[in-house]
Structure formats: C-alpha cells, structure tokens
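Take a look at the structure below.
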Amino acid sequence: MKYDFMLASTEMLGVLLTLMKEFYDLEQIKFYEEKLTKAVALMLGNRELGRIFLIKYDDEFVGYSVVTFGFSLEFFGRDALIDEIYVRENFRGKGIGSRLLKFIENLCREEKIYALHLEVNRINTKAQDLYRRMGYKDHNRYLLTKWLQI
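Numbering (the numbering used here), first residue to last: 29 to 178.
So, in structure tokens, the structure goes:
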C-alpha cells in the first residue's frame with residue numbers, strides 16, 4: 029500500500045470539502061459550506077497564506093491537512109499553524125499521521141519557518157500522544173478566539 033501527500037488544487041475541491049465535512053462532524057464544528065468554500069479558494073489561490081494537502085492512500089483520498097503561515101515575535105519570525113489535520117478512522121494507526129507531520133515540518137524548514145504550532149481537542153488523547161511523541165510541547169496556555177465583524 030502506498031500513500032502520498034498531494035498539494036490540493038481547485039480541481040480537488042469536492043474531495044477536500046467531503047473530507048472537511050467528515051472532520052467537522054467528528055469534531056462537532058459547524059460546517060458552513062459556502063464560507064469554507066470561499067476560504068479554501070482564497071488559500072488555494074495564494075501560497076503566501078499556507079498550503080492544503082490531501083492524503084492519498086493507494087487510490088483513495090483518506091485525509092487532508094491545512095497549514096497556515098504567520099509571523100511571531102515570540103518565535104523569532106515566520107511561524108506556521110497546522111490548522112486542520114484529519115485521517116479517516118479506518119486509516120489511522122498506519123503511520124500516516126507521523127509521516128504527514130514530518131512532511132509538513134520539512135515544508136516549513138524549506139519556507140524558513142521557525143516554529144510549527146498545532147491545536148488539538150482536549151479529549152483527543154491519541155492525537156495528543158502522537159504530537160508529543162513527535163516533539164510538540166504544551167505551552168500551558170489556552171487558545172482563545174473572538175469572531176470579528178467585518
């Protein structure tokens with residue numbers, strides 16, 4: 029069995045949105061299809077914002093990841109956030125997640141990014157264990173969000 033990480037394109041939008049819907053349902057996040065479609069299109073059209081990767085295992089798309097680029101004084105310059113990472117349940121435990129993280133880390137090194145962040149649901153202990161094994165540290169802080177009216 030062979031896996032591959034493919035840079036998403038507008039031609040793959042349908043597959044990507046299907047996987048995103050699965051992830052949002054799993055994480056109990058409201059899925060605003062129209063708004064998400066616009067946001068994905070914006071990101072696909074501007075590589076300065078980040079990258080979206082589809083995970084292909086044999087001939088089947090089994091997950092995706094979204095990496096966004098930013099800047100932080102605390103982290104000495106360019107940083108990145110793994111905004112979303114999803115692998116279908118029946119494909120977990122095959123090493124795809126750890127390989128994907130290494131792939132993303134290499135991309136970030138090429139992009140001269142100093143720090144890579146991610147967020148994980150507090151009850152998702154399996155993912156937390158993977159991330160810690162891969163060297164990600166908890167900063168003992170909360171990620172707080174305020175939606176702005178624009």
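Ideal Cβ placement from N, Cα and C applies to all residues, glycine included.
By DSSP's criteria, residue i is part of a beta bridge. Which residues make up the other side?
i, result
"L35", "F81"
"E88", "Y85"
"L54", "Beta-bridge pairing links L54 to no other residue."
"T96", "G78, L109"
"Y142", "According to DSSP, which records beta bridges pairwise, Y142 is partnered with nothing at all."
"V115", "G91"
Apart from the five residues on each side of it in sequence, which residues of its chain come closer than 7 Å, Cβ to Cβ, to residue i?
i, result
"G105", "F99, Y142"
"C136", "A108, L144"
Rounded to the nearest angstrom, what separates residue i and residue j at their Cα positions?
i, j, result
"Y114", "Q177", "29 Å"
"L82", "S37", "9 Å"
"I110", "L77", "12 Å"
"K49", "D157", "24 Å"
"L41", "S126", "25 Å"
"R87", "I124", "Strictly speaking, residue 87 in this sequence is Asp, with Arg absent from that position. D87 and I124: Cα-Cα distance of roughly 15 Å."
"L11", "V94", "With the chain running from 29 to 178 in the structure shown, residue 11 is simply not present."
"R161", "E133", "14 Å"
"G163", "L146", "12 Å"
"D53", "E39", "23 Å"
"L64", "N152", "24 Å"
"W175", "G121", "35 Å"
"R75", "E61", "22 Å"
"D240", "Y159", "One cannot answer for residue 240 here, as it falls past the ends of the chain, which runs 29 to 178."
"R169", "F89", "34 Å"
Given a cut-off of 8 Å, decide if residue j and residue i are closer than it, judged by their beta-carbon atoms.
i, j, result
"Y31", "Y85", "yes"
"L144", "A108", "yes"
"I80", "V68", "yes"
"F51", "E112", "yes"
Rounded to the nearest angstrom, how far is the Cβ of residue i from that of residue j, given a contact under 8 Å?
i, j, result
"E55", "N118", "No, E55 and N118 are not in contact; Cβ-Cβ is about 18 Å, not under 8 Å."
"L128", "F33", "6 Å"
Between which residues of its own chain and residue i is the CB-CB distance below 8 Å, once the five residues before and five after are set aside?
i, result
"E139", "F97, R106, A108"
"L44", "A36, V68, I80, L82, Y92"
"F131", "F33, F81"
"F59", "M48, K49, Y52, D53"
Within the same chain, show all residues whose beta-carbon is closer than 6 Å to that of residue i, passing over the 5 residues directly before and after it, in chain order.
i, result
"A155", "V148"
"L72", "T38"
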